[in-house]
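Notes follow once the structure below has been shown.
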Amino acid sequence: METVLITGASRGIGLELTRQFLQQGYQVIATYRNQPSDALSELATNQQLVLKELEVTDQSAIKALSAQLAGQTIDILINNAGTIGADDQSLEGIEASAWLDAFAINSIAPLMVTRALLSQIEQSENPRIITISSQMGSMQRDSVGMYAYRSSKAAVNKVVTVLANELKAKGVVACVVHPGWVKTDMGGENADITAQESATGLLALAQKLSLNDTGRFFTWQGDEHPW
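Heads up, the sequence shown is in numbering that gives the first Met the number 0, so the first residue is 0 and it goes up one at a time.
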């Protein structure tokens with residue numbers, strides 16, 4: 000039985016990933032910020048689910064989680080926690096403080112969480128690290144506005160490619176994934192797909208990843224995404 004750790008699991012894609020991995024028989028460690036949502040708490044009746052509080056920008060909290068999980072093997076880490084950022088991310092309206100907040104959550108936290116849990120990940124016979132990115136971080140897309148979100152996702156793409164290079168010799172797979180434009184609080188009601196559809200694709204991708212896939216950018220359907 001494999002173990003997956005999912006950050007930001009209280010709602011949206013993280014919640015649906017938690018639900019589907021449990022249905023597939025995985026041991027799931029799901030993290031939440033402050034309080035678990037009612038929907039996540041309901042899933043905790045499944046003995047295969049362990050809930051852990053984690054503020055991904057709090058270095059002390061990250062270290063504490065690592066200590067709590069000492070000796071635990073983590074086969075799949077999914078860095079899902081993220082933020083869309085401030086409402087106004089236009090050229091005229093973007094504030095430096097809000098921009099830094101987006102980078103702290105979307106770009107820096109995934110590496111900090113990964114680093115803290117690396118000993119647990121390296122215990123796995125098939126270690127995989129999946130970081131949720133976005134097509135909005137792709138350099139190939141013509142775009143305007145949303146400066147904080149776009150740049151923070153572009154940054155995490157580079158972070159993960161460097162991480163993949165460093166961990167390849169240890170047999171650890173690290174990649175980034177565009178989860179689709181998903182109907183969540185972040186994606187809005189006009190989005191293309193449901194959280195269930197996105198999670199189904201992400202789970203299938205996680206199951207088939209190999210070391211040949213490390214450092215790559217995928218779509219939720221498992222296709223190559225342009226950088």
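No residue lacks a Cβ here, since even glycine has one placed at the ideal position from N, Cα and C.
Item checked: Option in GLN195, PRO35 and ALA168 with minimal Cα separation from LYS51 -> PRO35
Checklist line | Meets three-Cβ-pair contact criterion under 8 angstroms: the region 207–221 and the region 166–180 | finding: yes
Notebook entry, point to check: Sorted by chain position, which residues of the same chain lie with C-beta nearer than 8 angstroms to ARG18's C-beta, five sequence neighbours on each side aside?
Noted result: LEU42 and ALA198
Next item on the list: Name the one or two DSSP bridge partners that GLN220 has.
Entry: Its beta-bridge partners do not exist; DSSP assigns none.
Checklist line | Residues near GLY7 by beta carbon distance below 6 angstroms, same chain, minus five either side | finding: GLY13, ASN79 and ALA80
Next item on the list: Starting from the C-beta of GLN88, find all residues in its chain whose C-beta is less than 7 angstroms away, skip the five residues before and the five after it, and write them out in chain order.
Entry: GLY144, MET145, TYR146, ALA147 and TYR148
Item checked: Beta-carbon gap between VAL161 and THR130 smaller than 9 angstroms -> no
Item checked: Candidates ASP191, LYS207, PRO178 and PRO225: closest to GLU15 by CA position -> PRO178
Next item on the list: Please report the Cβ distance between ALA101 and SER151, rounded to the nearest whole angstrom; I am assuming they are in contact, meaning their Cβ atoms lie under 8 angstroms.
Entry: 4 angstroms
Notebook entry, point to check: Per DSSP, what kind of secondary structure is ILE12 in: helix, strand or coil?
Noted result: helix
Checklist line | DSSP three-state assignment for VAL171, whether helix, strand or coil | finding: coil
Notebook entry, point to check: What do you get for GLU1, buried or exposed, if any count of 16 or more other CB atoms within 10 angstroms of its CB means buried?
Noted result: buried
Check: Which term fits ARG127, buried or exposed, when burial requires 16 or more other beta carbons within 10 angstroms of its beta carbon?
Finding: buried
Next item on the list: Could you check the C-alpha separation between ALA66 and VAL181 for me, to the nearest Å?
Entry: 34 angstroms
Margin query: What does the alpha-carbon distance come out to for the pair ALA103 and ILE93?
Written below: 16 angstroms
Margin query: In chain order, what are the residue ranges of uninterrupted beta strand (DSSP E) at least 3 long that sit wholly in the region 126–156?
Written below: 127–131
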